[in-house]
Structures are given as C-alpha cells and as structure tokens.
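Let me begin by presenting the structure, written as structure tokens, before commenting on it.
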Amino acid sequence: MHPRSTGGTTDRKRPQLRRLGSHLAVLPVVAVTALATACGGSGGNQTQNTPTSEHPVTITFANWADSEQATRPGIEDMITKFEAVHPEIKVKSEPISFTDIGHTMVLRVQSGNPPDVAELSGNDTFAVAATGALANLDSYAGDLKSSFIPAEIAAGTYQNHLIALPWTVNPPGLWYNKQLMAGAGLDPNSPPKTRDELMTDLAAIKAKYPDVIPLGLDSTNRDFSLTSNWSWMKSFGAQPFSGDKASANTGQMKDYLSWMRELAQKQYTSPGKKIGEFRPLAAQNKVAFVWDQPVLQGVVQSTNKETDDQFYANWGVAAQPTGTGGKSYSVELGHQLVAFNKSPNKQAAFTFMKWLATDPQAVTGYTVKYESSLPPMANPSADIAKVIGTPTLQAFARDVMPTIVKPEFGPTYSEAYSPIMAGVQSVMTGSTPVDSVASTIQSGLESAFK
Amino acid sequence: MTAVLQDTRTTPAVAAPGRRRRRRVAGVGVALIVVLALAWSLAPVYWMLATSFKSSLEVSRLDPTLVPRELVAGNYGELVGHSLPFTSYLVNSLLTSLIAAVIAVFFSALAGYSLSRARYRLRGVVGQAILATRMLPLVVLIGPLYLLLLKAHLLDTYLGLIIGYTSFALPFGAWMMKGFIDAVPREIEEAARVDGYRRFGILVRVIIPLTLPGLFTTAAFVFMDAWNNLLYPLTLINTAQKQTLPPGLLGSFTGQFKTDWGGMMAAACITSVPLLVAFFAVQRYMVRGLTAGALAGE
Amino acid sequence: MVAPTLVILAVVIGYPIVRAILMSFQRYKPLSGLPATNTGLNNYHEVFGDPIFWESLRNTAVYTFGSVAVSALLGLLLALLTENLGGRWRYVRSLLLTPWAVPLIVVAFLFRYMLDQDYGVVNAVLRHLGIIHSNVHWLTSSAWAMPSVMLANIWTQLPFFFLIFTAGLASVPNEVIEAARVDKAGPWAMATRIKLPYLTGSALVAILISVINNFNDFAKVWAMTEGGPGYSTTTLVVYVYRLAFSSFNMGYAATVGTIWLILLVIFAVLYIWLLQRKSAS
C-alpha cells in the first residue's frame, strides 16, 4: 500500500533493521531462559545408604531459629559443632519465619519437597502431622522415649505415634516483679496463688504505679495466642472446642470472657499486643506480672544488660494462680523437631535431632543459652543439671512443668483460633455484650468445622 | 480584549488598603497551610530516621524522646552483619523489581503501541479488558497462581515471582504506554513508513525514542509496585534467603522474641531509599503518565 | 503485537480466575489431606449468612471510599491554595510528595510504631499537650482501629491527589481565568464554577485508580493490625487471605473472592460506562 523506496541506502538499511528488530525480540526470551536455568527450585536430596565422612549426606533443616536475630548465631554455632562430631552428615539450614513455617511445611508437603528436618511448635506440629507426611519416630527413638518427661512425649504424639521429638521445654508461667510488688505493699516472696489474689495484687500495682502495666498477656489473633490463653480458659473450666465440636457458648467460657473484659476495662493489661511487645517494657520494670515463657529472662537481660544475680533479685516465677477447681494450668509452647516420610535420610535426620535435644553441648550451648529453655530429659546428666540449676529454671521445672496440659491441637485448631481470638479481642476492645460475643464465637467455630 | 486584560491585570498602586491587607492575610494563611502540610508529610519520616538511631531501650520507653538521647549506629550495623538476611532481602527486591520492570515495559510498549495505532475491531474491548484485569482481587488469584507455579516447578524461585509481578503490572503498563504513544503525532510514523520501515522497526526507531519519558515512568511504576508487593512474595517464596523486603521485614522483626523497633526503622530507612530515588527521578512525568491514558485516548 | 501480552495475561491471570471460580463450588481444605469435593452452591449460601463477610464488605467500603474521599478533598484544597505559588515552591512541592514514595510496608510499620498505645509518639505528644489524659488504644480498640489505618492510608495517598489536581489546575486555560477575573468572580466562584469542571476528567481517573488500589491494599492493613482487633479492620483482602492461608479453607476463600470479583466487575462496568458517557459529551 505504501510506495517502497527504491533508494539504494534504504534497501541496505532494511535488512539491518530487521536483524536489529529480531535481536531485540529475542532478548527477553533469552533473559527469561537464562533466569530459568540459573534459578531452579530447592535441590533434591542425595540418596545414599551409608554416609561417610568422604561422602557425607546433606540434610535440609527448615527452622525459624536461623531467621531471627536473637537465635541465629546460636543455631549456626550448633550446626558447626554437630558437623564436627558427625563429619558424615552436613546440615543445610533453611530459615523460614515463625509465623510462616507451619503453613509453609504443609504447602511443601503438598508440592512434594519437604525438608529432612523441621523445627515446629504448638499446633503447627499437628497441622503438619495431619497431612500424614511426618515420619514415625518410635523406632528411631526407642529407649530415648522413656528418658524424656512424659508430658513432653505426649506433646509430640499423634495417633499414638511419636511424630515430634521434644527439643526445648518452654511453658509459660507467672513471672512476678519483686521490686514493683514490694513498692506496692505486696510481699515480693509471696506471688498470688489464686485468681482472686491476682486481681487484688493487680489493683494494688495499678493504684501505686499508674504508668506500669500490671499484667502482660498475649491477646493477638494468632494460634500462638490461643495456645497461651488456653491455660486461662481451663482455669475457668472452659474449653472452646473439642475435636470438631464447638463449646464456646458455655457459662464457663462467658466467665472467662468477662474476666478478660475486666482486665481491659480496669487497664490491668494492654490489649491486642504480642507477648514480645511486653518484654522490653518488663526490662524497664514497667510490667509487674507477665504470663510468659522462660525466654523472658533472655530478652530482658539482653535489653537492660542486667546480670543474672540482678535478674534473680528482681524477678521470680510461679505457677498459674488457680481458678475454679483449684488447679493451675500451663501449655507446652516449646520447640519440637520432626522428620518427613519422604526423606531418604531419616536416620541422619534423627541423629541430628537427637543431638540437638539431648547432647550436653547443644543443651548448654543453645537450649539454655539462646532459648532460655529447659531440655526435655526427665533426669538430665550432671553437667546439664548444673546449667539448668538457676532459680528461675528450677521454678519452672518444679512448679510449672507439672501443670502442663495439651490443647486440642489438630486440623481443626488452625480454623478455630481465629473466631476465638477475634472474640477475645472483641470483649477486650469493644462493648458488645459478652453473651453475644460468645455466641458469635460459637457460630464462627461451627461454620469453620463444617 | 487585550487592552481590557492589560487594564485589569495591573494592580493600581492605590488599590484599596482592605484588599491589600486581605491579600497579605491570605498570603500568611497559605504559608501557614504549607508549613502544616510539610510538617504532616515529613514528621513521620523524621520519626523513622530518629528511631533508627536509638538504642533498644530507648525505643521502648513509655515516654518517647523526640530527639535521640544517644545516637546509636548499632541498628544499621546489625542489618549488614551476618546475623540477619537483610542484605538478601534487599538484593532480592532490587533484582526482582528491576527485571520485572524491564520485562513489563517491553511488553507494555508492544501492547500499548497496538492499542494506540493498530486498527482492529475489538480494539476497544481488548483495551477495556486489559484495564479490567487491573481491578481483580489479587488475593483470590494467588491460590490458583500458586498451584500453577507449583506444577511448573517455579515455586520458591525468582522466575516465578517475576512472572507474578509482570502479570500484575502488564495491564497498567499497557494502558500507560498507550497514553504516551497516543501523544506521538502520526505524521512522524507515516514518514518512517514511507522510508520503508516495518511495524516493529517503527516502534523501535521512532516511537521509543519519542516516548522515553513514558517508558521510564512506566518502568518506575512497575518497579514501585513490585517493590511494595507483600502478598506475592509472602505466598510464592518460602525460604528466607530468596525473600524480598516486605515479607522479610514482616517476619524478621516481629519474630518470636520481641519487636525490634530500632532495627525495623533502620531497615525501613534503607528500604525506602531505592523507591525514593525512582520516584524523584520520574516525578515530573508521573501525572502525564497517569492521566494520559484517559484524557488523550478516550 | 498485543498478542504476547494477551497470552501472558491469559495464562497468569485468566487461568487462576477460572480455577478460583471453579474452587468456589468446592469444599477444599488442603490440611485435611482430603481431595476437593463438589458442594454446589453450599459455599455461596454460607457466605450470605456469614457475619464476618458482611463486616469485611462494610470495612472495605469504609476504608476505600473514606480514604479516597478525604485524600481527594484535602488534595484538592491544597492544590487550590498553592496554585499560584512560584519559584522555590517547586522544591517544597517535591518534599510534599514524599509520603507517596515511601514503601507501603514501611508506612505500615512506621504508623504502627507511632500509634502504639504504650510507646507511640502520638499518644505521648497528645498527653503532653493535654488533649488526652490516658493513652488511646489507636490500633487495639474497635472504635479507633479503622480510623487509624485510614490515617496511614490518607498520609500515603494525599500527595497523589495533590499532584493530579495541581497538574489539572495548571491546564486550565489562562483566557478563562482572565475572563472570570474580568467578571469580578470571587475565589469561591472561581474555584467551583470555573476551575473544577476542568478537573473532573483527571479527578475521575485518579479516583478510579485509587479505589482499585485500595480494594487490593493488603500490605498496610495486614502489617498494621492483621485485620484486628476482632474483625474491625478486616477488609475483604484480609478476610480472603486469612481464609486461604491461615485457616486453609481454600474452597470457601474462593467463594468470597468470586463474589468480590462480581461486585468489582459491576463497579468497573458502571464506572467505564460513566467515563465514556462523560468523554462523549
């Protein structure tokens, strides 16, 4: 349609242009292909039967310890030490954040590429167990099982098989600030034993120190938060659900919700906060009581640089104040280690897991030092016993450990926590009547379990 | 007409004093509003900077200090140290955002040119369909997209993420480029066609040079969108080393132990720099890019 | 030449849409290990009786239209007031655009820190000025959470509208302004009757872009409140994300998403029809 030029020069230009054009068209294709070959997915595992130090096997270790500032140096140190003791095994750490690791493991199981070992805790362990992908550790653990604290083994058992090796023991207890208690006229060596005593103490703190938060409690909408508060619900005789049966519309649950509302209205706590947000305040003596794990000590000391002795002079820990029924409750929020059926290196994986959980180097160098936690052994060896012989860890072992119960972990837990914690937040931050909130939680649970 | 304009434009030296005073008050009022607007815009940025230099004890005081008591560089030091994969996040964000911008601009230019010049019956519909995809609830698509990438073994890879970013950016990019190309007079193209260039050659040799600001603006928008995107990397990337800044920041600092505000603000400052650079580089052309499509094309 | 773009879009967007719509008729919970089963319209039935869905719809409307309205109005006001400033003003104006350039995740965490009830600077300043006596729970009370999140949103968006309107005002022909001045038009009449009509075109485009972006806004809300407390800041995006990736109720999540998609399509069709009518007149 358009007249073509007959000039010599433009004829020569055209083929050049065409080449240039086609070069350009090829560029993105080349770039995309180059990218595709350069980055693949996560590598596969070597399949070897007997690893030796000349032909070591590499196991992948998905964990969040390596993704957090506070614990990264510790876990990397542990991996180095383990590899020195076991030159036939190399460990490749895959850091995944704490909030993501649960569903990431489920998704990786579905896409067929789970790691060899994973660090999990709380309900995440059971969410992954429900996919059927976790290796049965009974045969690997053998006698080891009986040397562990029974509650810890129970916390890692699913359908009568051990699927999670307990690694760190970290249940929450009631921390109390002796300095603040003394200042408010309370006996610093006599923490509240019943919930009524707790309320009296909180009132005293609030009256004396208006800008101190009397009680630190996690009330976020996470499954971690439901687990932490499960013990408080139990102390009211309440249990929001059991298996796939919702039971949130009970009188006991309403009593619990009313209590949470009372805490918020009297400003005994700061609602909607993660427990981690109270810890720096505790380091400044701005929180009097904290429902928190042993890990509080590590965070406080790293924030305010107190020495151990200064810390023990300031803080003590006790079991949960009892409610109706006269019992204290706590839950196991510590970390566990799992292996996967699909892994061709389960033996090597278990060797690593066992080392992390029970070896004195690992316990003293990581469990206690970085996680401020107890090891899961019922009768630890002398050198371990010395390290965990601190006043606070002993209080946990003596007073808190026996009160551990296991929440209704399982597939329904991941769907249940949101309606429940949303309801808890609603009573703490709004003015909807408790009855109405309880029935909203109930219907939310029923719809989630359908 | 001009005479009248001249008359009214000059303000007589003996203007009513009331009017002069009103003008001065108005001037002061405007200045005040400008100062308020500046304070509103910049105060949070100052707070971010100030907090990034505070110690961890100072950032969690119940009574915050407006100016840091002691300037601590530790927060920044820890970011580049090995104890955090922050540098990985930064590199991953830079890499994926830049590559997505380049690829998206390339395809946007093609599509925009076609939408602007080519004559085919469904042109209007195609144009609107492309714009409509911009309105999609991305969070709904993320599940199936995840499964799609899973089958293609592109999950947890840079390529998969870039594909996600590019798809998200293409409709908007095509629309923007169309607007910029619309502004190029057709006569220039006609002249090139007379000289014997084929369609693609015209695009490369003629259109592109004339719409360079448009290309850069589109690239800047795609870059900024990709940089800001939380949802895609959060779900499509699983390992921390390949993660980009938004989900990385989300995970690192609100971890299990405590919320490290000082470190978070230091990371925030560094995260903001590339975006600020991209923004101020193409700031002049932004309005044209955004409105060109609607005002010129329709 | 538009073909490659269309192919990519068809694969990366078309396929997921179709798949999502299909999933909306299924019961699919990956954690259970069971495969997806067809349940017909059960999910849809459930959605209409789901109080959280309606709350998230309401929250999305409030968040989106509230933020856009306030940002647009304030942006317009600022543009009108600063229209005739010259010279060094241009540098000041660049500074005013800074909030728009700050990454969204940074905005979220920054405001979260500033609005924290215990160590936030906003509470401290308000207390020192005597405006409040005890800390306000900006992000952790049902009453204040949504306004707080909207505040951060408005902070980010205001420069966008300011820029659009400034450019729009600059394009008003001089003759028109002079003619109006000859007619002794006061500043109010000048603004509303003379200048505004010139801004409608760009305003409509800006509002459309803004509404779309706000509907999809995940980063800000998630990083600031995760949809809490309770469900008071749960927008549709947050709700679908929670359903899909916290509860792993993928079928139901797809249903909520599909309904949202239908709503948006209706909105988009109406809007584009309006736009075309406008440019035709």
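Protein chains in written order, with the numbering used here: chain A, 1 to 450; chain B, 451 to 748; chain C, 749 to 1029. C-beta atoms are modelled at their ideal positions from N, C-alpha and C, and glycine is treated no differently. Computed from a predicted structure; not experimentally measured.
Pairwise C-beta distances place the segment 792-808 of chain C in contact with the segment 432-449 of chain A, as three or more of them are shorter than 8 angstroms. For residue 315 (chain A), the enclosing beta strand (DSSP E) stretches over residues 315-318. Residue 1010 (chain C) counts as exposed, since fewer than 16 other beta carbons sit within 10 angstroms of its beta carbon. Residue 510 (chain B) has a beta carbon lying within less than 8 angstroms of a beta carbon in chain A. 8 angstroms or more divides the Cβ of residue 665 (chain B) from the Cβ of residue 618 (chain B). Remark: three or more beta-carbon pairs, one from each stretch, lie closer than 8 angstroms, so the segment 851-869 of chain C and the segment 882-899 of chain C are flagged as touching. Check the Cα spacing between residue 686 (chain B) and each of B:522, B:639 and B:606: the tightest is with B:606. If you check the CB distance, residue 517 (chain B) and residue 493 (chain B) do not come in under 8 angstroms. At least one CB of chain C lies nearer than 8 angstroms to the CB of residue 729 (chain B). The C-alpha of residue 712 (chain B) lies about 11 angstroms from the C-alpha of residue 857 (chain C). In this structure residue 165 (chain A) is in contact with residue 353 (chain A), their Cβ atoms being roughly 5 angstroms apart against a cut-off of 8 angstroms. Not a single CB atom of chain A sits nearer than 8 angstroms to the CB of residue 868 (chain C).
For residue 110 (chain A), the enclosing alpha helix (DSSP H) starts and ends at 98-110. Close CB contacts of residue 205 (chain A) within its chain, under the 7 angstroms cut and outside five residues either way in sequence, are with 180, 184, 212, 214 and 288 (chain order). Contact annotation: residue 374 (chain A) and residue 356 (chain A) have beta-carbon atoms that are not nearer than 8 angstroms.
Interface flag for residue 907 (chain C) against chain A is unset, since no Cβ pair is found closer than 8 angstroms. Scanning the segment 768-814 of chain C for uninterrupted alpha helix (DSSP H) segments of 4 residues or longer gives 790-796, listed from N- to C-terminal end. A Cβ-Cβ separation of about 6 angstroms places residue 92 (chain A) in contact with residue 58 (chain A) under the 8 angstroms criterion.
Residue 910 (chain C) and residue 851 (chain C) have their C-alpha atoms some 19 angstroms from each other. DSSP places residue 94 (chain A) in the strand class (E or B) of the three-state scheme. Contacts between residue 638 (chain B) and chain C, judged by CB atoms closer than 8 angstroms, are missing: the closest CB pair is about 18 angstroms apart.
Shortest Cα-Cα distance from residue 306 (chain A) to any of A:321, A:327, A:282 and A:320 involves A:282.
Just measuring C-alpha positions, the residue of A:384, A:207, A:338 and A:309 sitting nearest residue 118 (chain A) is A:338. Distance from the Cα of residue 631 (chain B) is smallest, within the candidate group B:699, B:730, B:506 and B:562, for B:562.
Between the alpha carbons of residue 752 (chain C) and residue 1017 (chain C) lies a distance of about 25 angstroms. When Cβ-Cβ separations below 8 angstroms define contact, residue 613 (chain B) makes contact with chain C. Separation of residue 989 (chain C) and residue 640 (chain B) (C-alpha to C-alpha, rounded to the nearest whole angstrom) is 51 angstroms. At the C-beta level, residue 167 (chain A) and residue 292 (chain A) stay beyond 8 angstroms of one another. No residue range can be given for residue 345 (chain A), since it is assigned to no beta strand (DSSP E) and is classified by DSSP as neither H nor E. A distance below 7 angstroms between beta-carbons, with the five flanking residues on each side excluded, links residue 131 (chain A) to the following residues of its chain, in chain order: 106 and 109. Taking a C-beta cut-off of 8 angstroms against chain A, the contacting residues of the segment 987-1014 of chain C are 990, 993, 994, 995, 996 and 997, listed in chain order. With respect to chain B, the C-beta atom of residue 201 (chain A) has no partner C-beta closer than 8 angstroms. Residue contact check for residue 94 (chain A) against chain B: a CB pair falls below 8 angstroms. Residue 508 (chain B) carries a helical assignment under DSSP once its states are collapsed to helix, strand and coil. Using a Cβ-Cβ cut-off of 8 angstroms, residue 884 (chain C) is close to nothing in chain B; its nearest Cβ partner there is about 14 angstroms away. Residue 590 (chain B) sits buried, since 16 or more C-beta atoms from the chains shown fall within 10 Å of its C-beta.
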